[in-house]
Amino acid sequence: MSTVDVVIPCYRYGSVLPTAVRSVLDQPGVDVRVLVIDDASGDGSADVARSLASADSRVSVIEHRVNKGHIATYNEGLLDWAGGDYCVLLSADDALTPGALGRAVALLDAHPEVGFVYGRPVHWDGSEPLPTARTMVTGTTVYKGHSWLRRRFMMGDGCITSPEVVVRTSLHHQVGGYDPELPYTGDIELWMRMALHADVGYLRGVDQAYYRVHGSSMTDKDFPAAGVRSLRQRLAAYEALLARADGMLPDAPMLDLRVRRVLAKDALRRAGRAYDKGRADVDPVDELVDFAFGSYPDAARLPEWRTLRLRQRLGASRTKALRPLVFTAAARRAREIYRVNRWQRTGV
């Protein structure tokens with residue numbers, strides 16, 4: 005029976021920790037161990053972790069006396085502790101779906117060239133009981149690692165939320181852990197780094213994890229300033245991956261140019277939306293434009309720049325009133341629907 009080590013970092017999530025731990029311990033067909041690392045929560049979360057460990061010998065606990073931060077905590081568990089055939093990083097506020105580990109392990113056991121496997125996450129508001137998950141695999145796909153990686157450069161974003169991933173532990177130890185220089189996009193860079201060295205498995209038609217979306221969660225679409233930071237951090241992840249590729253990607257210059265173009269287009273679209281919403285005087289339009297031109301020298305040739313310039317000539321109030329480029333909103337919605345549907349079918 006394959007062994008799976010699950011690392012659960014916890015910072016002040018004692019109230020939901022039992023759900024995460026139980027979702028692992030209830031997995032059939034695999035031999036599991038759980039390590040809860042309490043990062044100096046100071047609110048009783050460590051007491052909850054110790055109680056769980058006392059109730060099941062498969063659970064162990066590490067308690068930090070001082071807060072080390074999420075990256076150091078992740079790496080402590082994944083690199084220093086995990087030693088089973090496969091490993092998982094599961095946030096204390098997320099959970100695995102029934103049978104998730106067995107499904108992933110079946111693919112990994114059958115394909116030694118595959119370094120990690122994922123499926124779809126269920127976005128969940130934290131309510132109990134857990135929503136019903138799809139647990140029947142309709143098919144599997146094995147992507148060549150470099151092909152999967154190149155797709156990420158073509159899209160300019162990630163396609164994994166993290167709790168749905170099961171990794172071959174030997175690969176994790178080979179490539180290293182999360183980059184402390186990438187506190188917000190280290191996961192994107194890590195999956196690409198793994199794809200440099202191994203193929204990628206995807207489980208079709210099945211939900212592999214519950215990803216908790218908190219009521220207070222805020223996306224960068226809600227707060228444009230966060231969008232600028234997100235763009236910078238995404239670019240930093242791609243730059244870090246290329247710096248580590250060390251000749252393994254012959255088309256690295258093309259990939260670098262491609263992702264810069266994608267991110268520049270994203271920045272200019274965000275700037276355009278600020279005019280459409282009458283928020284050009286509030287949202288960081290200048291920062292978005294600076295990012296676009298700073299990351300992609302030919303940004304002036306992009307259609308998004310031409311439509312933004314038209315909005316600027318009309319002015320914020322007239323743009324909002326007239327919406328002369330309303331078709332761009334429809335196109336944007338169509339692109340998003342296509343992207344989501346493709347991701348749901350293929351994982352990329």
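Residue numbering for the sequence shown follows my numbering, beginning at 5 and increasing consecutively.
Virtual Cβ for every residue (Gly too), placed ideally from N, Cα, C.
Look at His150 here: in three-state DSSP terms it is helix. Judged by DSSP in its simplified three-state form, Ala202 adopts coil rather than helix or strand. Taken atom to atom, the span from the alpha-carbon of Thr165 to that of Ser61 is near 29 Å. Secondary structure at Pro307: helix, using DSSP grouped into helix, strand and coil.
The secondary-structure analysis by DSSP pairs Tyr122 across a beta bridge with Tyr206.
Put simply, the stretch 50-60 does not touch the stretch 129-140. Fewer than three CB pairs are less than 8 Å apart. Bridge partners of Tyr78 according to DSSP: none are assigned.
Relative to Ser6, the option among Val20, Arg156, Gln31 whose CA is nearest is Gln31.
Excluding its 5 nearest sequence neighbours in each direction, Val65 has C-beta neighbours in its own chain below 6 Å: Val40, Ala53, Arg54, Ala57, listed in chain order. Straight through space, the alpha carbons of Glu243 and Arg236 are spaced by roughly 11 Å. Rounded to the nearest angstrom, the gap between the Cα atoms of Arg315 and Leu306 is 15 Å.
Per DSSP, Ser58 lies in no beta strand (DSSP E); the unbroken alpha helix (DSSP H) holding it starts and ends at 49-59. Looking only at Asp129, Gly209, Arg346, Asp84, the smallest Cα-Cα distance to Asp97 is reached by Asp129. In the three-state reduction of the DSSP assignment, Tyr215 falls in the strand class.
For the set Asp285, Arg265, Val217, the Cα lying nearest the Cα of Glu308 is the one of Arg265.
A direct Cα-Cα distance of roughly 48 Å separates Val109 from Asp290.
Excluding five sequence positions before and after Gly33, the CB atoms of its chain that fall closer than 6 Å to its own CB belong to Gly106, given in chain order.
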